[in-house]
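Reminder that position 119 of the sequence shown reads as 119 in UniProt numbering, one-by-one numbering, no gaps.
Ideal placement from N, C-alpha and C gives every residue a C-beta, glycine not left out.
Please read all numbers here as calculations on a predicted model, not as lab measurements.
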Amino acid sequence: MKPRKTFGQRLEKVWEDPRALGVKLLQGAIDHLRGYSYDFDRNGERRLLERMGTLGARTVFDVGANVGDWTLAAAQLMPEAHIHSFELSPRTWRTLSQRVSGPRFTVNNCGMGDRDGSIAFKDYGENSTVNTILSNATYHDAQQTAVVSEAQIVTGDRYCEQHGIASIDLLKIDVEGADHLVLAGFERMLGARAVRVVQFEYGYTHGDAKFLMRDFHELFARHGYAVGRLERRGVAFGPWHYKMNDFRSGPNYVAVRNDDTAALQALTRFDQRSKQC
Numbered sequence: 001m002k003p004r005k006t007f008g009q010r011l012e013k014v015w016e017d018p019r020a021l022g023v024k025l026l027q028g029a030i031d032h033l034r035g036y037s038y039d040f041d042r043n044g045e046r047r048l049l050e051r052m053g054t055l056g057a058r059t060v061f062d063v064g065a066n067v068g069d070w071t072l073a074a075a076q077l078m079p080e081a082h083i084h085s086f087e088l089s090p091r092t093w094r095t096l097s098q099r100v101s102g103p104r105f106t107v108n109n110c111g112m113g114d115r116d117g118s119i120a121f122k123d124y125g126e127n128s129t130v131n132t133i134l135s136n137a138t139y140h141d142a143q144q145t146a147v148v149s150e151a152q153i154v155t156g157d158r159y160c161e162q163h164g165i166a167s168i169d170l171l172k173i174d175v176e177g178a179d180h181l182v183l184a185g186f187e188r189m190l191g192a193r194a195v196r197v198v199q200f201e202y203g204y205t206h207g208d209a210k211f212l213m214r215d216f217h218e219l220f221a222r223h224g225y226a227v228g229r230l231e232r233r234g235v236a237f238g239p240w241h242y243k244m245n246d247f248r249s250g251p252n253y254v255a256v257r258n259d260d261t262a263a264l265q266a267l268t269r270f271d272q273r274s275k276q277c
């Protein structure tokens, strides 16, 4: 989850460049109509976790956990789940490990990717939500200064093998443009249909990664998953269309095994109640 800017921060930005006000208002109106939002309580993320809780989710991965806001919400809304959290930045991991502790959590100071080993990443500071392993991603450079740091990454397949994890109920990925690399590290698990539901992010940094929404649809189709945009009222599953390559078409998408009727029905309409006999 990304923190929302305060009204004062937004006003200061407009004051610096008043000509941008009209553009910002227009873009805001378009985003509102499309439902484009990072607000956890309004963009469908909370309701997705509630539904996964009713589906009895027990094994959950939070890849790109930052300081643990999503992890803590997941623990509350999925009371039977054990959550494995992964945070690349050592400084941010310290905050995460202080906030998230107990028998229901495994907190890892490493990232996930398509290989095991060390990796360089752009570090925008302690607890930053925009750190990325994409060295060519410069979207945030105008507002923040990054330094190059080193960290460890592991593939999902290797981690699951080491920890005796046979299946994952919910794999949430928020890694600033490197989501496809995380998924590549779960090749065996995805091929075995051992991951029930995936939530991933799609935005500007995927242009830097040269991995667009069409590529995500093709990746998941190869493994037998349906893909849809996460909306306030549910997940809009459907085929790929060119307009989905728009970097503001998300920001969150969900993939579900296409043979998992229970999950597909539960996530398509959040307000749909179970039929009573």
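Taking all protein chains shown into account, do 16 or more other C-beta atoms lie within 10 angstroms of the C-beta of G238, making it buried, or fewer, making it exposed?
-> Here the question's residue 238 lines up with position 238 in the sequence shown. The residue in question, G238, is exposed, as its Cβ has fewer than 16 Cβ neighbours within 10 Å.
Given that a residue counts as buried once 16 or more other Cβ atoms are within 10 Å of its Cβ, and exposed if not, what is V147?
-> As a first step, residue 147 is located in the sequence shown; it is residue number 147 there, counting from the start. Exposed, by the Cβ-count rule.
CB contact flag (Y253, F200, <9 Å) = Mapped onto the sequence shown, residue 253 falls at position 253. Mapped onto the sequence shown, residue 200 falls at position 200. A contact, by the Cβ cut-off of 9 Å.
CA-to-CA distance, E176 to G250, given in whole angstroms | In the sequence shown, residue 250 corresponds to position 250, counting from 1. In the sequence shown, residue 176 corresponds to position 176, counting from 1. Between G250 and E176, the alpha-carbon positions lie close to 13 Å from each other.
According to the Cβ coordinates, are T268 and G228 closer than 9 Å?
-> Translated into the one-based positions of the sequence shown, residue 268 becomes position 268. Translated into the one-based positions of the sequence shown, residue 228 becomes position 228. Closer than 9 Å, so yes.
Length of the line joining the Cα atoms of S97 and E87 | The residue you call residue 97 lines up with position 97 of the sequence shown. The residue you call residue 87 lines up with position 87 of the sequence shown. One C-alpha to the other measures close to 10 Å.
Per DSSP, cross-strand counterpart(s) of H84 = Counting from one through the sequence shown, the residue named residue 84 turns up at place 84. The partner list for H84 (beta bridge, DSSP) reads F61, T106.
Which class does R227 belong to by DSSP, given the choice of helix, strand or coil?
-> Position 227 of the sequence shown, counting from 1, holds the residue named residue 227. The sequence shown places Val at residue 227, not Arg. Secondary structure at V227: strand, using DSSP grouped into helix, strand and coil.
On a CA-only basis, which of R232, D208, F270, Y38 is nearest Y139? Give me that one, please.
-> Position 139 of the sequence shown, counted from the start, is the residue given in the question as residue 139. The option with the nearest alpha carbon to Y139 is D208.
Between which two residues does the alpha helix (DSSP H) containing D41 stretch?
-> Within the sequence shown, the letter at position 41 stands for residue 41. It is not in any alpha helix (DSSP H) - D41 carries neither H nor E in the DSSP assignment.
Reducing DSSP to helix, strand and coil, say where Y253 ends up.
-> One-based indexing of the sequence shown puts residue 253 at position 253. Strand.
Please determine, among H241, Q143, A81, the residue with the shortest C-alpha to C-alpha distance to L171.
-> For the purposes of this step, residue 171 is taken as the residue at position 171 of the sequence shown. Out of H241, Q143, A81, the CA that lies nearest to the CA of L171 is found in A81.
Hey, out of F121, Q76, R46, whose CA is closest to A178's CA?
-> Locating residue 178 in the sequence shown gives position 178, counting from the first residue. Closest option to A178, Cα to Cα, is F121.
For R269, does the three-state DSSP call read helix, strand or coil?
-> As a first step, residue 269 must be located in the sequence shown, where it is residue number 269. In the structure shown, R269 sits in coil (DSSP, three-state: anything other than H, G, I, E or B).
Measuring CA to CA, which of R91, E161, G156, S135 is closest to residue 285?
-> With the chain represented from 1 up to 277, any question about residue 285 goes unanswered, as that position is not in the structure.
Rounded C-alpha distance that separates residue 278 from T205 = There is no way to answer for residue 278, as the model of the chain reaches only from 1 to 277.
Report all residues from its chain with a CB closer than 6 Å to the CB of A226; omit the five preceding and five following residues, and keep chain order.
-> Counting from 1 along the sequence shown, the entry for residue 226 is found at position 226. Hits under 6 Å: F237, V256, N258.
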